[in-house]
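Q:
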DNA sequence: ATGTATGCAAACCATTTGCAATGAC
DNA sequence: GTCATTGCAAATGGTTTGCATACAT
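Chains as they are written, first to last, in my numbering: chain A, 129 to 289; chain B, 129 to 289.
(1) Anything in chain A within Cβ reach of residue 272 of chain B, meaning under 9 Å, just list it in chain order.
(2) Go to residue 207 of chain B, then tell me how far its alpha helix (DSSP H) extends in each direction, as first and last residue.
(3) Taking CB distances under 8 Å as the criterion, tell me whether residue 253 of chain B reaches chain A.
(4) Taking 8 Å as the threshold (beta carbon to beta carbon), is residue 262 of chain B in contact with chain A?
(5) Check whether the Cβ atoms of residue 308 of chain B and residue 204 of chain B sit closer than 8 Å, and answer yes or no.
(6) Consult DSSP for residue 259 of chain B and reduce its assignment to one of helix, strand or coil.
(7) Which of the three DSSP states is assigned to residue 218 of chain B in this structure?
(8) Could you give the distance in angstroms between the alpha-carbon of residue 230 of chain A and the alpha-carbon of residue 255 of chain B?
(9) Looking at residue 206 of chain A: is its Cβ nearer than 8 Å to the Cβ of residue 215 of chain A?
(10) By Cβ distance, which residues of its chain are closer than 8 Å to residue 211 of chain B, with the 5 residues on each side in sequence left out?
(11) Here's the rule I'm using: 16 or more other beta-carbon atoms within 10 Å means buried, otherwise exposed. How should residue 152 of chain A be labelled?
(12) Would a C-beta distance cut-off of 8 Å place residue 136 of chain B and residue 163 of chain B closer than the cut-off?
(13) What is the DSSP secondary structure of residue 229 of chain A, counted as helix, strand or coil?
(14) Among A:181, A:272, A:245, which has the Cα closest to the Cα of residue 233 of chain A?
(15) With a threshold of 8 Å between beta carbons, is residue 289 of chain B in contact with chain A?
(16) Comparing C-alpha positions only, which one of B:190, B:142, B:184, B:241 sits nearest to residue 168 of chain B?
(17) Give the residues of chain A in contact with residue 198 of chain B, contact being defined as C-beta atoms less than 9 Å apart.
(18) Can you tell me whether residue 271 of chain A is helix, strand or coil according to DSSP?
(19) Using three-state DSSP, classify residue 252 of chain B as helix, strand or coil.
(20) How would you write the range of the beta strand (DSSP E) that residue 141 of chain B sits in, first residue to last?
(21) Mapping DSSP to helix, strand and coil, what is residue 239 of chain B?
(22) Flag this pair as yes or no: are the beta carbons of residue 219 of chain A and residue 188 of chain A separated by less than 8 Å?
(23) Roughly how many angstroms lie between the CA atoms of residue 227 of chain B and residue 251 of chain A, to the nearest whole one?
(24) Taking Cβ-Cβ distances shorter than 9 Å, what residues in chain A pair up with residue 266 of chain B?
(25) At what residues does the alpha helix (DSSP H) containing residue 190 of chain B begin and finish?
(26) What residues are listed by DSSP as bridge partners for residue 246 of chain A?
(27) Rounded to whole angstroms, what's the CA-CA distance from residue 149 of chain A to residue 240 of chain B? Just pull it up for me.
(28) Given a limit of 7 Å on CB to CB distance, which residues of the stretch 196-225 of chain A reach chain B?
(29) Just the chain B side, please: which residues come within less than 8 Å of residue 249 of chain A by C-beta, in chain order?
(30) When you compare only the Cα positions, how much space is there between residue 249 of chain B and residue 242 of chain A?
(31) So, is the C-beta of residue 194 of chain B closer than 8 Å to a C-beta in chain A?
(32) Would you mind reading off the limits of the alpha helix (DSSP H) that contains residue 153 of chain A?
(33) Ordered along the chain, which non-local residues of its own chain (more than five positions away) have a Cβ less than 8 Å from that of residue 181 of chain B?
(34) Does any C-beta atom of chain A lie closer than 8 Å to the C-beta of residue 290 of chain B?
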């Protein structure tokens, strides 16, 4: 798609600007990682990205992956999420359909949740002595499947007793 | 304070209810951990809690600490936060002055941020196929000290060039 | 030519696990 | 007495680090 190519160019440019401003080298590894992240849409973890990089024609080490990810986080091209487990999730930040996250505290499933009103209100907040860059809203609770399952279990245990 | 003792009794009761409902044993270790958490007000990490437990007259192992924390999380007496680093922070959840979190992406300092309007709006959201229990809003950005420092650095670098 | 970035392997460290001993029920 | 829970020490696994080599500048 035209749009995807355009996005790719824009984020490459933003990355270049950041690397220049911080006197970092513009290595092919760094751009290959950025490209792969922006070629896909969804959340990913480091292991998935590592595997995907290896399957592509550009192999990088885990060290480089972590190093690059720190740069991408610093220039706000990637967002990092931790949903209570010890695994970190990432997602692209530019041109991303903005959303919040619903996390099931029973099965740990994560769903995206879009709410324009919330987005607007949170962004409009003026905070004294703090300059916001981005934010994450995590809503923890029960997904419909787990709610159903738990209700069933409860009913059964009543019958048994 | 009277109020603190009352809170202590209430959360102990809630914990007892949970342990009974799940046929878990009511060990002194578990109550000692709960008491210590509710004797203090602020955020803490596992290491701090472990040290504090050891300094108190009730020594527990790290294994028990983690085990108990999982129970306290499940019965919503404790909240867990991860602010991007690999360290998890916790705070008491009952009778807690509800707040959001401002995280400086430069120095990683975490501040509490209270906003009644946000709280009300987020809580009022009806989400299809999801039953919310609690939520976390993390706002990332620059704290005033870092904003000032960065401005200064920028100015200096201009002068030098 | 210089020194940053890479790959590799080892180190790190918060958290988890296995197991024998303890103690709640 | 039974079996969940504890403490200990070892294992786990995501992330970081040290160092020699490669390569962007």
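All residues carry an ideal CB built from backbone N, CA and C; glycine is no exception. Owing to the predicted nature of the structure, the values given are computational and were not obtained by experimental measurement.
A: A quick look at the data gives this:
(1) 256, 257, 258, 259
(2) No alpha helix (DSSP H) contains residue 207 of chain B, which is instead part of the beta strand (DSSP E) from 206-210.
(3) yes
(4) yes
(5) No information on residue 308 of chain B is available, as it lies outside the stretch 129 to 289 that chain B covers here.
(6) Strand at residue 259 of chain B.
(7) Correct three-state label for residue 218 of chain B: strand.
(8) 9 Å
(9) no
(10) 217, 229, 231, 236, 238, 266
(11) exposed
(12) Yes.
(13) The three-state secondary structure of residue 229 of chain A, taken from DSSP, is strand.
(14) The residue among A:181, A:272, A:245 with its C-alpha nearest the C-alpha of residue 233 of chain A is A:272.
(15) Low confidence applies here, because residue 289 of chain B scores a pLDDT of 32, under 50, leaving its location unreliable and the question unanswered by this model.
(16) B:184
(17) The premise fails here: residue 198 of chain B is roughly 11 Å from chain A at the closest Cβ pair, so nothing lies under 9 Å.
(18) strand
(19) helix
(20) Where residue 141 of chain B is concerned, there is no enclosing beta strand (DSSP E), although the alpha helix (DSSP H) it sits in stretches over 130-149.
(21) strand
(22) no
(23) 17 Å
(24) 263, 264, 265, 266
(25) First-last of the alpha helix (DSSP H) with residue 190 of chain B: 190-202.
(26) In DSSP, residue 246 of chain A forms no bridge with anything.
(27) 32 Å
(28) 208, 210, 212
(29) 245, 246, 249
(30) One C-alpha to the other measures close to 15 Å.
(31) no
(32) No residue range can be given for residue 153 of chain A, since it is assigned to no alpha helix (DSSP H) and is classified by DSSP as neither H nor E.
(33) 160, 161, 164, 187, 188, 193, listed in sequence order.
(34) Chain B is shown from 129 up to 289; residue 290 of chain B falls before or after that span and cannot be answered.
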